[in-house]
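Sequences listed follow chains A and B, in order.
Position in the first sequence (first residue = 1) + 202 = my numbering.
Position in the second sequence (first residue = 1) + 1271 = my numbering.
The beta-carbon is built from N, C-alpha and C at its ideal position, and this holds for glycine as well.
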Amino acid sequence: MKLKLKRFSTLFAILCCMGGTFILIGLAFKNNIRFFVTPAQVYEENLIHHTHLRIGGVVQEKSLLHKGINHTFYLIDGIMSIPVKYTGILPALFKEGQTVVVEGHFDPEKGTEFMAHTILAKHDENYKPLLKKAPS
Amino acid sequence: MIKSFLFLFQMRVIERVSHALWPTSCVCMVLCFLVGTYYGLIISPSDYRQGEMVRFLYLHVPASWLALLTYTVMAISSMIGWCAKIPTAHILTKCLAMPGVIFTGLSIITGSLWGKPIWGTYWAWDARLTSMLILLFIYMGYMSLAYTHSISQKRLHKLSLLVIIGFINIPIIKWSVDFWFTLHQPASIIGFRKSAIDNVFIPPLIWMTLAYIAFGVVLTSLLLLKFIRQMREKCSTVLMPTLSSRPLKRAA
């Protein structure tokens, strides 16, 4: 019985240490594990000069413009908006009102426009069937 | 009460259960796969935004669920084996590692193939994907140590600590999408709350989950039979002759 108690208390100590590690990891990495920042955080934390940045937000309605394969739009999060310029083919799920993550950097001279080299479409957790309307 | 629970870990009981379980599970697995595939490919509608790509849901989600569930069962079995020093609990942990690594690998591969058309990338180093990759490494690390030929019970007993320590990864995976900003979306089905998945998509998901579970049961049962027989033979040649002197009664 004594041995069992010893093994159990070893296990309990390990589990407590793991719980503590979990909390410490969560607290320490809170800012670094994030995959992207929001437009508001870009200005709050003054990240405009960063050479590699990922910003997540919603494509503003009626702001998408195409010039061949050059696209410009505004990325908003309800607080701030960032003008984004992207050259290339947009992902399939990209449209106005869609949440996207843009990866790139702000233009070096003025720091007002975001030059994106990658655009990822983020989809939310909703799955709804496509209701096909019968041809009338 | 505890005695009746520990009865389950007797070698005879596990052998008999595994011996009876794997043929029926095989049949269930094939049936559930067929029904799930039919439901998933033909009856299920397409999503309003993802189109036909939503069918990856039926491959990716059960694999992810079971990868986490298998590791949880492994951790519980390891804790029981460690505290009560039951060798068959460690053998159960060892046998569960194989389906576990298969599910995790499937989850990452199907998720990757699903991510390319939907997100635009095969991989991203966000919290959910990275922690799933770490789970894969934990599984592979455990397997590389436990699946060595003629590993001693003592070594397997100590190895259970690795599984227990690795269990910290499971809540990290589960809540990574809620704690941090990630590319992977938050959970769609949470307990008994109204799920964000429309009801149309649920039946194929359930069938495929059952198919995956049946596959896990088949694999675990076959491995259990193999490793318990190995342990029996080792016991008969070294110590504890009483354990192997009791013959395994096969059903007539």
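Taking C-beta atoms under 8 Å as the contact rule, B/Phe1327 and B/Trp1385 qualify, at a distance of about 4 Å. Rounded to whole angstroms, the Cβ separation of B/Thr1453 and B/Arg1399 is 5 Å, and the two are in contact under 8 Å. The C-beta of B/Pro1294 has fewer than 16 other C-beta atoms within 10 Å across all chains shown, which makes the residue exposed. Separation of the CB atoms of B/Thr1375 and B/Met1345 is rounded to 12 Å, and the pair is thereby denied contact status at 8 Å. Where A/Ile278 is concerned, there is no enclosing alpha helix (DSSP H), although the beta strand (DSSP E) around it starts and stops at Asn272 to Ile278. By the neighbour-count criterion, in which 16 or more other beta carbons inside 10 Å mark a residue as buried, B/Gln1281 falls on the exposed side. A/Phe237 sits in coil when the DSSP states are folded into three classes, being neither helix nor strand.
Sixteen is the threshold: since fewer than 16 other Cβ atoms of the shown chains lie within 10 Å of the Cβ of A/Pro310, the residue is exposed. Annotation for B/Met1350: Ile1435 place their beta carbon closer than 7 Å to its own, counting only its chain and skipping 5 residues before and after. With a minimum length of 4 residues, the unbroken runs of alpha helix (DSSP H) contained wholly in the stretch 1427-1483 of chain B fall at 1440-1450.
Using a Cβ-Cβ cut-off of 9 Å, A/Met220 counts as an interface residue toward chain B, since at least one Cβ of chain B sits closer than that to its own. Contact between A/Arg256 and A/Val303 holds, with the beta-carbon distance rounding to 6 Å and staying under 8 Å. In the structure shown, the three-state DSSP call for A/Phe231 is coil. Following the DSSP letters along the chain, one finds B/Arg1320 in no alpha helix (DSSP H), marked with neither H nor E.
B/Tyr1342 places its beta carbon less than 9 Å from that of B/Gly1371. With the criterion set as a beta carbon lying under 9 Å from some beta carbon of chain B, the members of the stretch 285-296 of chain A are Leu292, Pro293, Ala294, Leu295 and Phe296, in sequence order. B/Ala1395: not part of any alpha helix (DSSP H); DSSP gives it neither H nor E. With a 10 Å radius around the Cβ and a threshold of 16 neighbouring Cβ atoms, A/Leu205 comes out exposed. For the stretch 291-338 of chain A, the full-length beta strand (DSSP E) segments reaching 3 residues or more read 301-308 and 316-323 along the chain. Of all residues in the stretch 1293-1320 of chain B, only Ser1315, Pro1316, Ser1317, Asp1318, Tyr1319 and Arg1320 place a beta-carbon less than 9 Å from a beta-carbon of chain A. Sequence-distant Cβ neighbours of B/Phe1498 in its own chain, meaning closer than 7 Å and more than five residues away, are Ile1362, Lys1365 and Cys1366.
In the structure shown, A/Thr253 falls within a coil segment according to DSSP collapsed to helix, strand and coil. DSSP places B/His1361 in the helix class (H, G or I) of the three-state scheme. When DSSP states are grouped into helix, strand and coil, B/His1420 belongs to the coil group. Chain A has no Cβ within less than 9 Å of the Cβ of B/Met1479. Residues of the stretch 307-335 of chain A with a C-beta less than 9 Å from any C-beta of chain B: Thr320, Ile321, Leu322, Ala323, Lys324, His325, Asp326, Glu327, Asn328, Tyr329, Lys330, Pro331, Leu332, Leu333 and Lys334, listed in chain order.
Chain B has no Cβ within less than 9 Å of the Cβ of A/Thr253. Look at the beta carbons and you see the stretch 1318-1334 of chain B touching the stretch 1469-1483 of chain B: at least three pairs across the two are nearer than 8 Å. Nearest Cα to B/Gly1391 within the set A/Glu246, A/Leu213 and A/Ala294: A/Ala294. Using a CB distance below 8 Å, the part of the stretch 1376-1404 of chain B facing chain A consists of Pro1388, Ile1389, Trp1390, Gly1391, Thr1392, Ala1395, Trp1396, Asp1397 and Ala1398, ordered along the chain. Inter-residue distance for A/Tyr276 and A/Pro241 is about 10 Å (C-alpha atoms, whole angstroms). DSSP, read as helix, strand or coil, puts B/Leu1312 in helix. Between the alpha carbons of A/Ile250 and A/Lys324 lies a distance of about 23 Å. Within its own chain, the residues whose Cβ lies closer than 7 Å to the Cβ of B/Ile1460, once the five positions on either side in sequence are excluded, are Ser1466 and Ile1468, listed in chain order.
Taking every protein chain shown into account, the CB of B/Tyr1309 has fewer than 16 other CB atoms within 10 angstroms, so this residue is exposed.
Scanning B/Phe1472, B/Leu1430 and B/Phe1438 for the CA closest to the CA of B/Tyr1319 turns up B/Phe1472.
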